[in-house]
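Each residue of the sequence shown is one higher than the last, beginning at 1 in the numbering used here. Every residue gets a Cβ at the ideal spot worked out from N, C-alpha and C, and that includes glycine. Everything below concerns the one structure shown next.
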Amino acid sequence: MSPADLEAELVITANRVLPAGGFGNLASDIVIRSGRGGRVWDESGREYVDFLLGSGPMLVGHANPEVNDAVSAQLALGTTFFANNRHGIRLAEVIVDAVACAEQVRFVSSGTEADMYAMRAARAFRGRERILKFEGGYHGMSDHALMSLAPKQPGNFPQAMPDSAGIPARVVDEMLVAPFNDLAAVEALIRAHHDELAAVIVEPLQRIIPPAPGFLEGLRRVTAEYGIILIFDEVVTGFRFAYGGAQALYGVTPDLCTLGKVIGGGFPLAAIAGRADIMAHFDRARVGDRGFLPQIGTLSGNPIAAAAGLASLDILHRPGAYETIFATGRTLMTALTNLLAKHGVAGQVTGEPPMFDLVFTDRPIVNYRDVLHGDAAKAKKFNALLRERGIMKGDTKYYVSLAHDDADIAQTIAAWDGALGAL
Ligand SMILES: Cc1ncc(COP(=O)(O)O)c(C=O)c1O
């Protein structure tokens, strides 16, 4: 069977044995076989500059030799123990040293779980039930997180709108929804509901939308005033925006944060990290039966994942790593902005250099509704034109890698130029 025939056969099989023909992630018309550095190859042998990066984890590049060596060394010693292991302990230590809010760390296997436990820990600590999130904010797939993530017809704040079938109706009332970057609106909501609120959960940079100056500082001020727990979802931004995450880049320290993606080095590992008095709820000896929050996971702190994460963080800790990532991202964002002008196409390049996207709109991107205003059909077409030109990305983001080199940048800029011309 030729490689192209094999890929076609795999797509047919996938459509038979997987709902919607896929794993629920990238559209199922492509099967990826391998990756190295900043590139991936599909089963047919086509090569792509990769801005999907496994949806973010592969910040240091695919098949990084140092990460692979760390994984191989542990593989020979066994893959999982359901017990403390040295890599997991060391990784927790590195996180505590790097991340401002992190006094203690609890490992889980996915960002979804981390966010679910962070919200639960805040409820346990505060003895209140409601959580405020932002419209368009993504915090994984739990019942509480899937509220007003992507409403097609946005409603009135603070009414939450479930994004999924199968969520108990009760959960809707446990969530309040606010507009991102509108400090006056969220401050008013917090003041009105402060006695019911356990936490405010926010992506410090929401999807691709940077925080307005003073927004995160304002959230910190008003939540601290009432003792409401501020949770930064740093599953994407942790160790990506800086070694200390978005809280280091923006200079605002939450009470709890969640981490994932980069800290697992491409393996399933995520974490809740934060103030020791809140993390105490994971320890029955410190909070007693009533305050205790049981948290058990077969693969929590898995030594392979922890070894991969540690090796990745070691690479990122070296002088110049973030300067390189930001320089690559800045070059790309500037080039794309200039190309939009050259082709006379209305669009906003939004995000931070390590992670950004293009929204086809003439309206500045400040919140979810501005993104919704963008021309989604045009974005889909543009992504497809880029795919034809050897550029791999997800529907909504460019993830920049430390491994992206000058050839990757040049190919990307040429592909943008061609695709904008063809639009
Ligand atoms: C901000 C944010 N939070 C949570 C998650 C969920 O993480 P996971 O896919 O590991 O469950 C994601 C995943 O993309 C994310 O971007």
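{"Asked": "Any non-hydrogen atom of ligand 1 within 7 Å of residue 250 CB", "Found": "no"}
{"Asked": "Short CB-CB distance (under 8 Å) between residue 408 and chain C", "Found": "Protein chains in the displayed structure number just one, and chain C is not present."}
{"Asked": "Any non-hydrogen atom of ligand 1 closer than 7 Å to residue 138 Cβ", "Found": "yes"}
{"Asked": "Proximity test, residue 55 beta-carbon vs ligand 1 heavy atom, cut-off 7 Å", "Found": "yes"}
{"Asked": "Distance, residue 316 Cα to residue 178 Cα", "Found": "34 Å"}
{"Asked": "Residue 212 in three-state terms, based on DSSP", "Found": "coil"}
{"Asked": "DSSP bridge partner residues for residue 162 (one or two, in chain order)", "Found": "147"}
{"Asked": "Buried versus exposed call for residue 349 [16 or more other C-beta atoms within 10 Å across all chains shown]", "Found": "buried"}
{"Asked": "Near ligand 1: residue 111 beta-carbon under 7 Å from a heavy atom", "Found": "yes"}
{"Asked": "Minimum length 3: unbroken beta strand (DSSP E) runs contained in the region 48-118", "Found": "104-108"}
{"Asked": "Spatial distance of residue 61 from residue 169 (CA atoms)", "Found": "42 Å"}
{"Asked": "Alpha carbon of residue 66 to alpha carbon of residue 243, nearest angstrom", "Found": "18 Å"}
{"Asked": "Three-state class that DSSP yields for residue 355 in the structure shown", "Found": "strand"}
{"Asked": "Classification of residue 81 by the beta-carbon crowding that lies within 10 angstroms, buried from 16 upward", "Found": "exposed"}
{"Asked": "Unbroken alpha helix (DSSP H) run spanning residue 4, endpoints", "Found": "3-17"}
{"Asked": "Top-ranked residue by Cα proximity to residue 94, from 226, 176, 311 and 129", "Found": "311"}
{"Asked": "Contact test: residue 143 Cβ vs ligand 2 heavy atom, cutoff 7 Å", "Found": "With respect to small molecules bound, the structure shown includes ligand 1 and not ligand 2."}
{"Asked": "Contact between the region 150-164 and the region 97-115 (3+ Cβ pairs under 8 Å)", "Found": "no"}
{"Asked": "According to DSSP, residues forming a beta bridge with residue 35", "Found": "40"}
{"Asked": "Whether residue 359 touches residue 420 by CB criterion (8 Å)", "Found": "no"}
{"Asked": "Residue 337 beta carbon less than 8 Å from that of residue 409", "Found": "no"}
{"Asked": "Span separating the alpha-carbon of residue 98 from that of residue 164", "Found": "36 Å"}
{"Asked": "Status (buried if at least 16 other CB within 10 Å, exposed otherwise) for residue 17", "Found": "exposed"}
{"Asked": "Where residue 361 sits in the DSSP three-state scheme", "Found": "coil"}
{"Asked": "Nearest-angstrom beta carbon gap, residue 118 and residue 231 [assumed within contact, 8 Å]", "Found": "5 Å"}
{"Asked": "Under 8 Å between C-beta atoms of residue 236 and residue 270", "Found": "no"}
{"Asked": "Spatial distance of residue 353 from residue 150 (CA atoms)", "Found": "24 Å"}
{"Asked": "C-beta atoms of residue 142 and residue 115 nearer than 8 Å", "Found": "yes"}
{"Asked": "Backbone secondary structure at residue 138 - three-state DSSP", "Found": "coil"}
{"Asked": "CA nearest to the CA of residue 305, picked from 38, 58 and 8", "Found": "58"}
{"Asked": "Bridge partner(s) assigned by DSSP for residue 349", "Found": "358"}
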